[in-house]
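Worksheet: one structure, shown below.
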Amino acid sequence: MIQSNNVPVFILAGGLGTRLSEETHLKPKPMLEVGDIPILVHIMRWYYRFGFNDFVVCAGYRSWEIKKFFLNYEFRKNNIVIDHRAALDSPPSPLGRNKEQENWRVRVIDTGLETMTGGRVARAFDEICGQDRFEDFALTYGDGLCDIDLGRELSFHKEHGKTGTVLGVRPSARFGVLELEGAKVKGFMEKPEEQQALINGGFFFFKRDFRKYLSTGEGCILEREPVEKLAGDGGLMMFEHKGFWQPMDTQRDKNYLQGIWASGKAPWRPEPA
């Protein structure tokens with residue numbers, strides 16, 4: 003069985019989220035809530051379902067909001083006791099322990115305010131690589147939800163032996179599609195279920211040596227030179243996912259995810275609703 007508990011999960015969580023600026027002027031985009039849970043935590047819980055328990059949050063914009071959240075995470079999930087009878091400086095503590103409390107490690111790494119995605123990964127990688135020994139790592143964005151079987155994707159990644167694996171998805175189309183014969187419209191399909199072309203679904207696995215493709219410079223964009231160079235070298239494989247996949251890029255996307263969560267039938271729920 004493939005062991006996932008020694009595979010750190012890097013989550014990109016440092017961007018400005020300008021298309022959701024009504025909310026992101028107060029908090030980073032990965033901290034926007036679906037239900038009453040930040041989308042970042044939804045993502046982490048999905049990984050945790052498959053045994054991943056070591057998370058590296060590549061923070062930037064308003065990074066202290068992420069740090070503050072995880073510093074208080076245990077108190078958010080539990081009742082607390084504050085007892086100053088013995089000592090006025092006695093710290094608050096959880097009153098019991100929530101049975102759903104996750105046994106995970108979360109490291110929040112400041113990777114710069116203006117740093118692009120590749121630079122964030124490189125900076126966070128260099129911060130932890132002296133502390134940890136790992137052969138592979140997972141990487142995803144802090145603003146997308148999916149019901150991918152991460153255990154199967156990791157097994158696929160291990161079996162093919164290449165440096166990287168990218169999730170391929172066919173997203174639902176946002177707009178109606180015209181069926182044409184020259185300039186003549188033969189038919190119109192209102193928002194077909196999915197597009198035909200596979201796109202980057204944002205759930206990656208990489209071998210440790212992918213670091214050589216990255217730069218700590220602010221302008222290093224993961225999806226450009228690093229991944230394109232890896233693909234050109236024959237080191238990138240695709241794992242196709244045909245299930246649920248939805249980014250949260252706009253207020254419309256957020257409202258859509260809120261509605262699914264409120265229905266009690268969200269595909270990314272770690273446990274049955």
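Just so we're aligned: 27 in the working numbering is position 25 of the sequence shown, and the numbers increase by one with no gaps anywhere.
For every residue, glycine included, the Cβ atom is placed at its ideal position computed from N, Cα and C.
Just so we're clear, the structure is a prediction, and the values are computed from it rather than from any experiment.
Beta bridge counterpart(s) of residue i as assigned by DSSP
i, result
"F12", "V58, L141"
"T167", "F207, M239"
"P249", "G146"
"V36", "I39"
"D112", "A61"
Residue i, DSSP secondary structure in three states
i, result
"L152", "helix"
"K209", "strand"
"F241", "strand"
"N74", "coil"
"N202", "strand"
"D134", "coil"
"L259", "helix"
"K69", "helix"
"L18", "coil"
"R254", "helix"
"K31", "helix"
"E161", "helix"
"A185", "Low confidence applies to A185: its pLDDT is 49, below 50, so where it sits in the model is not reliable enough to give any reading."
Extent of the continuous alpha helix (DSSP H) run through residue i
i, result
"W48", "41-51"
"E129", "119-130"
Boundaries (first-last residue) of the beta strand (DSSP E) holding residue i
i, result
"W106", "First-last for W106: undefined, no H or E at that position."
"P228", "Note, P228: premise wrong, no beta strand (DSSP E); alpha helix (DSSP H) at 227-234."
Residue i versus residue j - alpha carbon distance
i, j, result
"A124", "H159", "21 Å"
"P173", "Q133", "38 Å"
"R210", "E230", "17 Å"
"A275", "G266", "Residue confidence for A275 is low, a pLDDT of 39 falling below 50, so the modelled location carries little weight; the figure read from the coordinates is stated next. The alpha-carbon atoms of A275 and G266 are separated by roughly 6 Å."
"P249", "D85", "44 Å"
"G234", "R109", "32 Å"
"V168", "H243", "10 Å"
"F54", "L152", "9 Å"
"A264", "G37", "7 Å"
"I262", "I45", "15 Å"
"V43", "I130", "21 Å"
"I223", "K164", "21 Å"
"L292", "D255", "The question about residue 292 has no answer here: the residues shown for the chain are numbered 3 through 275."
"I13", "P30", "13 Å"
"F241", "E155", "7 Å"
"I68", "G144", "12 Å"
"N202", "F77", "37 Å"
"K79", "L73", "12 Å"
"L141", "D56", "12 Å"
"G35", "L238", "Position check: residue 35 holds Glu in this sequence, whereas Gly was assumed. Approximately 33 Å, taken between the alpha carbons."
"M33", "Y215", "29 Å"
"L18", "F246", "25 Å"
"W270", "K70", "25 Å"
Residue i at chain C interface by Cβ criterion, 8 Å
i, result
"G261", "Reference to chain C is not applicable here, since this structure consists of a single protein chain."
field: contact_flag[the region 214-230, the region 116-123] where n(CB pairs < 8 Å) is 3 or more
entry: Flag = yes, the region 214-230 and the region 116-123 touch.
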